[in-house]
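Below is one structure, written out as structure tokens; comments come after it.
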Amino acid sequence: MHDYPRSFWYLEANCTPGREKLPEQRVGSDRNGVSRSPGPGLSSSGLLYSLPSGRYSAKSSSIMEENGKAEVDEVEIEVEKGKTDNENGKAVIEKLETEVEKENIDIENGKTDVGKVETEAEKGKTVIENGEVDVESGKTQIENGKPEEKKNGIEKNGKPSERKTMAYDDVVELLGQFGKYQRRIYILLCLPAISCALHKLSGVFLQARVAHRCLLPGEEANTSYFNINDSISSMIYPWDSFQKARSSCLRYDINITGAYLDGKIPSNHTVSCSHWVYDTSNYGSTTLTEWDLVCDHAWLKATSDALLMIGVMLGSIIFGDLSDRVGRKPIFFISLVMQVVFGLLVAISPNYYSFMFSRMIVGATTSGVYLVAYVIAMEMVGPKKRMVAGVIFQMFFTFGFILTAGFAFYLREWRTLQIALTLPGIAFFTYWWFVPESVRWQLTKGRWEEAKKTLRAVAAENKKTLPESVIDELCTQVENDRKAETAGGKEKPSLLHLFKYPNLRKKSLVIFFLWFVSSGTYYGLSWNTSKLGGNEYINFVISGTVEVPAYTILIFTLDRWGRKAILCGSMIIAGICLLATALVPADLQWLSITLAMAGKLAITSGYGTVYILTAEQFPTVIRNVGLGAASTFARVGGILAPYVNIMAELWTPLPLIVFGVLSLVSGSSALILPETLNKTLPETIEDGELFGKKAYKKKDYRNGEEMSQLSENKS
């Protein structure tokens, strides 16, 4: 016997004892919604039925549907005209004839056209989903066949219809995918993303790299920067072959005045500079000029940026866990307060060590603010709007990226700049009275009354009707799910399961490497704009602006070209562009900047794609664990990126070459990953191990159909 879809009607002929069964025939609608004929051989005593326990005959019953429910009340042997008229949500099947010949089943906009009946019943149930009829336990239910009358368990008259479960996303759809209430809260939640970008990227200007030279013997410490003519410079400073300029960290150990007056050739013996003179024409002051973070102390600047990313990593772990325990809203608000407090402490730091510590805490708060705000926003938006809503949310971060340059251009003193970047965060304190707690979190914690109150508020502002029975059903379903999770005592999958099986281990390592490179390259390029030459402010603005087309490209291509093609292409293009900067002559500075920005655009697209691909690669039972581990590797990449940028002190293009090589390698390694677009995603560890192999057979229940899918790994 063939495995037919559950969404077909079946007819069994002469199933009562002592009577011979006719051949089983299949009736259903094809892809165009046209019914298929059952073929010859149907007995005049064939009966339409479906009972849970097996095959039985049904006599003298007719099918009536009242308020979206079709109840089998009386079935007659003769079907007249093979059509069922369903008016105002009522489907009446009046007569079934003893012989069904070449009729059509067509459920369209609330009308059921019954034409073809089959001789086979499977599992005692006949299901019509998405335009097909569900007959169960002697009753006919039309589910999803009348979109204007019933949707997600609610009929046109506002009464709840029968359904097995009510998921949270179903309720969100009933309330409106992105209604007035969601739009208002969504905008409020997007604004703090701007503040997070200001703090994450402010280091480019707070610790800006400025031109400097050794303080000459006899000069005062507050001497203004000035250019020395070549004749004097050649006697004082040795030539730096990497920088192709006179050294700013070493000087010849000579008596400068005496050597110059006597015309002597300077000594080859060099000494390290202990004090410097800085060019303040572009920056009034920075942390580098205040605490001499140059030459042998340049690593301290990199360490400050690294500690910021360590804070981001710790914040995602700590605040993420706390938001699950005590609630999204309180952790979001606490993070906002801490961000302002420690942001101001950064501005008044008496020494560099307190500066680094305060920035690390600020980095942690950016995770608490950004991630929690993102979660609240995505949990209240309908599933059909989440992809666009998520991309727009990230664009607010991009806007903050660009805005940082505007603040820095007008505020050239680093302490004043830090205060200006921090103070706008005070306005977010008012969010306590405007931003609600996440309904999903309230449900998972059993706070039923609070969840109901929030849902009613959403329904009222969106002008939607949400029956109490639906809310009660949702609460019941969530409670049952909670009990099911705590029962059974099964071992929960852990990170070790990702490395236990060869195929899953290979994919996991590639994914972790992709996150490491994507994050490291993204932040490395963002922090490296001052070393590209040209106007630093314009470079920074361009670096942020290219993220807009990067995200826009993803919206229009991810569901067309596939995740794998976009990811591999983006990473490889980024690598090629960054490596090409090493071949650009010094006098073609504009070309070097263009290539670096093209690499930034490509790496941004790749970074955005790896989020989606990772979520679809890992099995459902371990998806959160896999995403958490991948995020940790991303933070490690961000931590190491500042130290790669230090290599510019040896050779200016070197950081771009390192990032370019890593991007090429990671993009090439991604070729071994299977495509996930329109594929049945793995659910168990076993599925994850088989996913991507040449013969991966997985049952898919999309749209109520049970199908077998053969996923091929073309890599």
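Position 667 (the sequence shown) corresponds to 667 in full-length UniProt numbering; numbering is contiguous. By construction, the Cβ of each residue, glycine as well, lies at the ideal position given by its N, Cα and C atoms.
Item	Value
From LEU206, THR303, PHE618 and TYR353, residue whose alpha carbon lies closest to that of TYR501	PHE618
7 angstroms Cβ shell around LYS301 - same chain, five flanking residues per side excluded	GLN207, LEU288 and LEU293
Simplified DSSP assignment, three categories, for HIS275	coil
Of the listed residues VAL388, GLY320 and GLU173, nearest to residue 722 (C-alpha basis)	Because the chain spans 1 through 715 in this model, residue 722 falls outside it and cannot be assessed.
Among ALA586, VAL362 and SER605, nearest to GLY544 - alpha-carbon criterion	SER605
Distance CB(THR366)-CB(GLN394) smaller than 9 angstroms	no
Distance, VAL326 Cα to THR521 Cα	35 angstroms
Beta-bridge pairing of GLU413 - partner residues as DSSP gives them	SER285
ILE105 burial status per 10 Å Cβ neighbour count (16 or more: buried)	Any reading at ILE105 must be qualified, since the residue scores a pLDDT of 40, below 50, and its modelled position is unreliable; the value itself is stated next. That one is buried.
THR676 in three-state terms, based on DSSP	coil
Helix, strand or coil at ALA270 [DSSP, three-state]	First, the amino acid is wrong: residue 270 is Thr here, not Ala. Correct three-state label for THR270: strand.
Local Cβ density within 10 Å of ARG184, reported as buried at 16 or more and exposed below that	exposed
Through-space distance from GLY315 to ILE194, alpha-carbon basis	18 angstroms
Residue closest to PRO549, alpha-carbon to alpha-carbon, out of ILE392, GLU675 and ILE187	ILE392
Secondary structure of ARG246, DSSP reduced to three states	strand
Close beta carbons around GLU649, own chain, < 7 angstroms, minus the five adjacent residues each side	ALA298
ALA373 at chain E interface by Cβ criterion, 9 angstroms	No chain E is part of this structure, which consists of one protein chain only.
Cα-Cα separation between PRO160 and TYR168, rounded to whole angstroms	Confidence is the limiting factor: at PRO160 the pLDDT is only 43, short of 50, which leaves the residue's position unreliable and the question unanswerable from this model.
Assigned exposure category for LYS564 - 16 Cβ within 10 Å defines buried	buried
Completely contained alpha helix (DSSP H) runs for the stretch 171–228, where each covers 4 or more residues	180–201 and 203–206
Bounding residues of the alpha helix (DSSP H) (the contiguous stretch that carries LEU656)	654–669
Counted within 10 angstroms of its Cβ, other Cβ atoms place LYS244 as buried (16 or more) or exposed	exposed
Candidates SER304, MET378 and ILE331, of which the one nearest GLY363 by Cα	SER304
Stretch pair the stretch 593–609 + the stretch 521–537: three plus CB contacts closer than 8 angstroms	yes
Reduced DSSP secondary structure (H/G/I, E/B, other) of ARG386	helix
Close-in-space but distant-in-sequence residues of the same chain around TYR186 (CB under 6 angstroms, 5 per side omitted)	ALA377
Residues that DSSP places opposite TYR353 in a beta bridge	Per DSSP, none; premise fails for TYR353.
Which of helix, strand or coil DSSP assigns to ARG447	coil
Nearest-angstrom beta carbon gap, PRO238 and LEU336 [assumed within contact, 8 angstroms]	With a Cβ gap of about 51 angstroms, LEU336 and PRO238 do not count as contacting.
Rounded separation between ASP30 and ASP687 - CA only	In this prediction, ASP30 scores a pLDDT of 42, lower than 50, which makes its location untrustworthy; no coordinate-derived value is stated.
Supposed contact pair ARG328 and TRP441 - C-beta distance, whole angstroms, cut 8 angstroms	6 angstroms
Nearest neighbour of GLY425, chosen from GLY660, ILE672 and LEU198 [CA to CA]	LEU198
Cβ neighbours of CYS475 in the same chain (closer than 6 angstroms, five flanking residues each side left out)	TRP448
Reference LEU201, options LEU662, SER663, PRO642 and GLN182, closest by Cα	PRO642
Whole-angstrom distance between ASN351 and ASN268, CA atom to CA atom	36 angstroms
Host alpha helix (DSSP H) of VAL636 (start-end)	623–646
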